[in-house]
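What follows is one structure encoded as C-alpha cells, with my remarks underneath.
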C-alpha cells in the first residue's frame with residue numbers, strides 16, 4: 001500500500017488551457033478516496049496524472065516516498081481499471097489475468113496462484129476459460145478488476161469503471177469493489193484506492209472520503225456524511241444530494257430583535273445557534289438552503305406555513321418528491337412513506353426546518369452558517 005500526495009498540482013495544455021488549478025490532496029495508506037464532480041471538472045485528468053498517462057505541469061506528485069512526476073507508469077506501483085474494460089478480446093479471462101504477470105516474467109506457479117486467488121475473491125472462477133465476447137459487461141468488469149488485483153499494486157486507480165453497466169449491475173459492482181477494499185484490509189494487505197465518478201451515489205456509498213471538484217479546483221474534501229450535512233459552499237450543497245438542495249435568495253435581517261432570512265415575502269427566523277453564528281452578517285444578501293427532507297408539508301404548517309403550488313409529484317414507492325412553485329422559485333419536498341392525496345396544480349402550505357438550514361453568502365457561495 002502507499003500514501004498518495006498531490007502538492008500544488010497544475011496541468012496546463014499546449015494550447016494554454018489550464019485544466020487543473022493548484023490541487024493539493026493527501027490520500028492516506030489504505031484509504032478509499034473518491035474524486036467526483038460534473039463533466040469537465042478534471043477528475044479523470046487528475047487520475048491520469050497519478051497514473052503517469054498525463055504529465056504534471058507544476059507541483060509534486062508523491063506515491064509512497066517517491067516523487068513520481070517523471071517516473072514511468074510501469075514503475076509507479078499502480079494498476080488502473082478503465083471504463084471500457086480494455087480486455088484482450090482474443091484471450092480468455094485466465095490469459096487476460098495472467099498477461100501482465102507473464103510480461104513481468106513471474107514464475108508460472110506464482111502466476112497460477114495469483115490468478116486463482118483473484119478469481120475466487122471476485123467469483124469468476126467459472127469464467128476463466130471464456131473470452132470477453134462470451135461474458136456480460138459485469139463479468140468483463142470483474143475480470144478487469146482481477147487483472148489489476150493480480151499485480152498486487154500499491155495503488156488502485158478506477159476511471160468511471162461502472163458507467164457502462166445497467167443500474168442493477170452498478171449496484172452489485174460497487175458493493176463488490178467496496179467489499180474487496182475491506183477484504184484486502186482485513187487480510188493485512190490494505191490497498192489505497194482512488195475512484196473517479198460523476199455519480200454522487202457511488203461517491204457517497206463507496207468512499208472513506210470524497211473530493212469534490214469544479215473546473216479543476218477542489219471544492220471540499222471530507223467524509224460522505226460531512227459533505228452532505230456540512231457542505232462548505234453552495235456548489236457542494238447543490239451537487240451532493242438527490243434531489244438537490246433547495247435554494248431561495250434572501251437577506252439576513254434583524255426583525256424585532258431576532259435574526260432571520262427575509263425571502264419570498266416572508267421572514268424566516270433562525271435557530272438560536274445559527275443566530276449566534278451569523279450575528280456579524282446582518283443585512284448580507286444570502287441564499288437560504290434547505291434539503292428536500294427539511295421542507296415540511298401538512299397540518300403542522302397551516303399556521304406558520306407559506307402557500308405554494310404543486311407543479312409535479314414523483315412517486316418513488318417508499319418516498320415521494322413533491323415539486324412546488326413558490327413565488328417563481330422551484331422547491332422540492334421529500335416525503336417518506338407517503339400516504340397522501342396530493343394533486344398536481346393544487347395549493348399547499350409549506351414550512352421549513354430552520355434549525356437544519358444552511359446560509360450561503362450570495363457573492364462567494366461560502367456556507368457562513370457552519371460552526372467551526
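In full-length UniProt numbering, the protein residues as written are 1 to 372.
Don't be surprised by glycine CBs; every beta carbon is placed ideally from N, CA and C.
For this session: Pull up the distance between the alpha-carbon of residue 22 and that of residue 55, whole angstroms please.
Result: Here residue 22 refers to the residue found at position 22 of the chain shown. Here residue 55 refers to the residue found at position 55 of the chain shown. In a straight line, the C-alpha of residue 22 is about 15 angstroms away from that of residue 55.
Problem set entry | Same chain, Cβ closer than 8 angstroms to residue 44, five either side skipped, listed in chain order | Translated into positions along the chain shown, residue 44 becomes position 44. If we look at residue 44 and ignore the five residues flanking it on each side, its Cβ neighbours are 159, 160 and 196.
For this session: Can you tell me which of the three DSSP states residue 85 falls into?
Result: By one-based count along the chain shown, residue 85 stands at place 85. Residue state, collapsed to three classes: coil.
Exercise. Looking at the structure shown, is residue 307 part of a helix, part of a strand, or coil, going by DSSP?
Worked result: Numbered from its first residue, the chain shown carries residue 307 at position 307. Reduced to three states, the DSSP call for residue 307 is strand.
For this session: From the DSSP output, in three-state form, read off residue 211 for me.
Result: By one-based count along the chain shown, residue 211 stands at place 211. In the structure shown, residue 211 falls within a strand segment according to DSSP collapsed to helix, strand and coil.
For this session: Just the C-alpha distance for residue 151 and residue 220, rounded to the nearest angstrom, thanks.
Result: The residue given as residue 151 occupies position 151 in the chain shown. The residue given as residue 220 occupies position 220 in the chain shown. About 32 angstroms.
For this session: Tell me whether residue 135 sits in a helix, a strand or coil according to DSSP, three-state version.
Result: As a working note, residue 135 is residue 135 in the chain shown. Reduced to three states, the DSSP call for residue 135 is coil.
Exercise. What residue range is occupied by the uninterrupted beta strand (DSSP E) comprising residue 21?
Worked result: Counting from one through the chain shown, the residue named residue 21 turns up at place 21. Here the beta strand (DSSP E) through residue 21 covers 18 to 27.
Exercise. Just to check, is the beta-carbon of residue 321 closer than 7 angstroms to a non-hydrogen atom of the ligand MN?
Worked result: The ligand MN is not part of the structure shown, which contains no ligands of any sort.
Exercise. Going straight from the alpha carbon of residue 170 to that of residue 206, what length do you get?
Worked result: What you label residue 170 is simply residue 170 of the chain shown in a count that begins at 1. What you label residue 206 is simply residue 206 of the chain shown in a count that begins at 1. Each residue's alpha carbon lies about 12 angstroms from the other.
Exercise. Between the Cα of residue 355 and the Cα atoms of 291, 320 and 178, which residue gives the shortest distance?
Worked result: For the purposes of this step, residue 355 is taken as the residue at position 355 of the chain shown. Proximity to residue 355 across 291, 320 and 178 peaks at 291, based on C-alpha coordinates.
Exercise. Apart from the five residues just before and just after residue 183, which ones in its own chain have a Cβ nearer than 8 angstroms to its Cβ?
Worked result: Taking the first residue of the chain shown as 1, we reach residue 183 at position 183. The answer, listed in chain order, is 121.
Exercise. Is the stretch 132 to 143 touching the stretch 103 to 111, taking contact as three or more C-beta pairs under 8 angstroms?
Worked result: no
Problem set entry | Boundaries (first-last residue) of the alpha helix (DSSP H) holding residue 172 | Reading the chain shown from its first residue, position 172 is the one you call residue 172. Unbroken alpha helix (DSSP H) run through residue 172: 167 to 186.
Problem set entry | Rounded distance between the beta-carbons of residue 2 and residue 81, thought under 8 angstroms | By one-based count along the chain shown, residue 81 stands at place 81. By one-based count along the chain shown, residue 2 stands at place 2. Contact doesn't hold; Cβ gap of about 17 angstroms is too wide.
Problem set entry | Sub-8 angstroms separation of residue 294 and residue 352 beta-carbons | For this step, residue 294 is matched to residue 294 along the chain shown. For this step, residue 352 is matched to residue 352 along the chain shown. Contact: yes.
Exercise. What number of angstroms, rounded off, separates the C-alpha of residue 93 from the C-alpha of residue 215?
Worked result: The sequence position of residue 93 within the chain shown is 93, counting from 1. The sequence position of residue 215 within the chain shown is 215, counting from 1. Cα to Cα, the separation comes out at about 38 angstroms.
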